[in-house]
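> I'd like to ask some things about the structure below.
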Amino acid sequence: MNVTYDDSQFAALNALVANVFSGGLIAARDYRSWFALNHRGEDSHVIDALKLADIEHRLVTDRDGRADEVRPATHGTVIGRVLAILGAPVGSKTDDRLELPDYLTDAPADVRRLFVVCHLENPAHAHGSILKFKEERSRAYLDDLAALIEDVADGPVTISDKNVNLSKTATENLGNVI
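Under the numbering used here, think of the first position of the sequence shown as 1228, with each following residue one higher.
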């Protein structure tokens, strides 16, 4: 696959990688991928990303109190492998080895922002004038994630226990992400 940061295909893959981190999974056994739908349901940005990448998908609903999901309808293991090559985690996301994708280090600001916004749309919720979310991840990963969000949002981001808290400034600078 030959894509650059400027390609719409890369934007779609970037959004899907962010969604693996915040509400999706790539199975360690066979690389099948799936993504939890946020509160927007079928209007979720992950559906838009799948469409932009021209990936047929199917909805999985009625999951006994668990979030609805969207899964690639075909080539799910190929999609999972592509996302893994880009840096999406495979299997458990609670171990100490979890790291943000390397491509974000040198990526243009719009690529980094898209990753952050897509990541936040799943777990973040408003708490007064700030956004916050809880992640059961290693402290090193949470520190890196907070630094990325802080850089993109140009405002303070703190961590307390497993909570990531975006300041009022960071929240305002990001705009409406939830």
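Every residue, glycine too, gets a C-beta built ideally from N, C-alpha and C. None of the values given here were measured: they were computed from a predicted structure.
For VAL1384 versus SER1394, is the C-beta spacing smaller than 8 Å?
yes
> Taking just the CA atoms, how far does VAL1287 sit from THR1398?
32 Å
> Please identify the residue among ASP1381, THR1396, ILE1386 and SER1365 whose C-alpha is closest to the C-alpha of SER1356.
For the set ASP1381, THR1396, ILE1386 and SER1365, the Cα lying nearest the Cα of SER1356 is the one of THR1396.
> Quick check: ASN1246 and VAL1273, are their CB atoms within less than 8 Å of each other?
Yes.
> Compute the Euclidean distance between the alpha carbons of SER1249 and VAL1391, then round it to the nearest angstrom.
13 Å
> With GLY1303 and ARG1259 assumed to form a contact (beta carbons below 8 Å), what rounded beta-carbon distance in angstroms separates them?
Going by Cβ atoms, the distance from GLY1303 to ARG1259 rounds to 5 Å, so yes, they are a contact pair.
> Identify whether ASN1265 lies in helix, strand or coil by the three-state DSSP scheme.
coil
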